[in-house]
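Using my numbering, the first residue of the sequence shown is number 142, and each one after it goes up by one.
We put the CB at the ideal spot given by N, CA and C, even for glycine.
Comments concern the structure below.
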Amino acid sequence: MPHPLAPQLPDTGDANALAEGVWPAGAERVDGAMHVGGVALSAIAAQHGTPFLLVDETVVRERARRIREAFETAFADASDASGAAAQAGKPAVDVYYAGKALLTADVARWMRAEGLRIDVCTGGELATALRAGIEPAAIGFHGNNKSELEIEAGVSAGIGTFIVDSPIEAERISAAATRAGRVQRVRLRISVGVHASTHEFLATSHEDQKFGIPVDEAPAVVARIRELPGLELVGLHTHIGSQIFDAAGFSESARRMLALHAELGGTGSAADGAFPELNLGGGFGIAYTAADSPEPIETIATRLADAVRTAADELGIAVPRISIEPGRWIVGPAGVTVYTVGTIKPVQVGEAGSLEQGTRTYVSVDGGMGDNARPALYGAQYAARIASRASAAEPALVRIAGRHCESGDIVVDAEWLPGDVAPGDLLAVAATGAYCHSLASNYNAAPRPPVLAVSQGADGSPAVRTLVRRESIDDLLARDAGLDSNGAASA
């Protein structure tokens, strides 16, 4: 009889197996121990302690290259807004890496080396990209409430594009550009009315959300932007959601955006104010568990390109230069977080004799919502495996809990692990490269774990290095104004 508390996951019968597409490409077991990027996770834990987030640089860069090439290939026979074939010059697509997923100096450099631009949405992300040596022209700046200081910083640095999210923001960017004596490229974010998910999309004329301008308000805002000094409106922008598994929602959004693009300036020449570009956003989904089955990115790119071409043909306009903004798709599957098991606690659940009655085993680890807030924020699901060894023990249903003082501090809601899971085991959680370090906090005054990278050295052997060092208790206390520089109470 199935366990009454069992998750809706494919039953592989092997609680040691590493599901393809969930774990980093090349992850394997060697003599039972899990290796990522050719290095045993237990060896990394022995040197760096736990918890830690490890990203495989090779996987990150391969995925960045793969998505760029997929969209460049899909749009290769398109024309830009001037009518020039893409093959005769630059590719017809710009790929911006969404830095909010995971942004460190090294990650920014990897993206640029693979031909991607960088998308930021705060002054901190902007500073990270600039100090990493990313040329300002390759940076786009998002956000629904950019401060005037952030706008000034972006304009002064000479960033490539601001994404305008509201009429008042257009005024502020114009003022900053005028003071700086330069013309700032901008796009206008449109709330296109498409909510996309794996299987359905909802089309409405208005969305109750904080981002963008409704379609019916766009003409007036575009007219105002064109009046403002110091601004060059180069196109429209939209983003329909996250963790989207197929092309249906993207295609519907593209059709709507092409119609608006044509209405507001997509049919004339650049001198007449035509938009040369159209940014269709990101949100491409990944597999967090074996139950997830996103379409290959090449399929999504091809279907989206077909939808754009069809819409452009129907409207009688040239295909504009397209931009996309992947983040999670690139770094998510390349990351694993490794914890140490602390306590094991069986808990009886449900009334005795009922169909829902059973034993839930809580496996507590030395991290949690402080390093991965997604399960607590919106019930995100993950896969986990014992990393330090393999086991022939019968699978047992467990709930992996964090160490923080919250009942909602759950790392993995339900997973099958070998029944002999024990204190001291290393536990790895897959697909944590995106939105884990970025959302990390110091809740309960817990220092944030390090971000490490494994890559192939000059001699071909794998090497591990630190991208972001582990925080210390001294780091936390240094910000407390009630303590002096030595950590003692100050007067």
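- In the three-state reduction of the DSSP assignment, Tyr480 falls in the strand class.
- For Asn157 and Ser297, the gap between their C-alpha atoms comes out near 53 Å.
- Residue Phe391 holds the alpha-carbon nearest to the alpha-carbon of Glu466 among Ala571, Arg272 and Phe391.
- Looking at the DSSP output, Trp557 shares a beta bridge with Leu538.
- Around the beta carbon of Arg328, a 10 Å sphere encloses 16 or more other beta carbons of the protein chains shown; the residue is thus reported as buried.
- With three or more CB-CB distances shorter than 8 Å, the region 269-282 counts as touching the region 236-253.
- The region 420-492 contains, as complete alpha helix (DSSP H) runs of 4+ residues, the segments 438-456 and 469-472 (chain order).
- The beta carbon of Gln350 sits closer than 7 Å to those of Ser332, all from its chain and outside the five residues before and after it, given in chain order.
- According to the DSSP assignment, Tyr523 belongs to no beta strand (DSSP E), since it is labelled neither H nor E.
- Counting only residues of its own chain and dropping the five nearest sequence neighbours on each side, His378 has a CB closer than 6 Å to the CB of Ile304, Arg328, Arg330 and Asn420.
- Bridge pairing for Asp235: Ser464 [DSSP].
- Judged by beta-carbon spacing, Ile441 lies within the 9 Å limit of Asp387, meaning their Cβ atoms are closer than that value.
- Spanning the alpha carbons of Gly295 and Phe352 requires a straight line of approximately 20 Å.
- Under the three-state reduction of DSSP, Thr379 is assigned to coil, being neither helix nor strand.
- Along the region 168-203, the alpha helix (DSSP H) occurs as fully enclosed runs of 4 or more residues at 182-189, listed in sequence order.
- Comparing alpha-carbon positions, the option among Arg540, Gly162 and Ala321 lying closest to Thr502 turns out to be Arg540.
- Annotation: the continuous beta strand (DSSP E) that includes Leu567 extends over Leu567 to Ala571.
- Burial state of Ile309 is exposed, judged by a 10 Å Cβ sphere holding fewer than 16 other Cβ atoms.
- Taking C-alpha positions only, Glu203 is separated from Gly623 by approximately 48 Å.
- Note on Cys577: 16 or more other CB atoms within 10 angstroms of its CB, so buried under the neighbour-count rule.
- In this structure, Ala448 is the residue among Gln597, Ala575, Thr263 and Ala448 with its C-alpha nearest to the C-alpha of Ala215.
- A Cβ-Cβ separation of about 7 Å places Gly511 in contact with Asn583 under the 8 Å criterion.
- Cβ-Cβ distances below 7 Å link Glu612 to Pro588 and Arg589 in the same chain, with the five nearest sequence neighbours on each side left out; the list follows chain order.
- For the region 270-358, the continuous alpha helix (DSSP H) assignments of 4+ residues that do not extend past its boundaries occur at 289-298 and 308-321, in sequence order.
- Membership of Val248 in the alpha helix (DSSP H) is indicated by the continuous run Ala246 to Ala254.
- A direct Cα-to-Cα measurement between Gly473 and Gly424 gives close to 12 Å.
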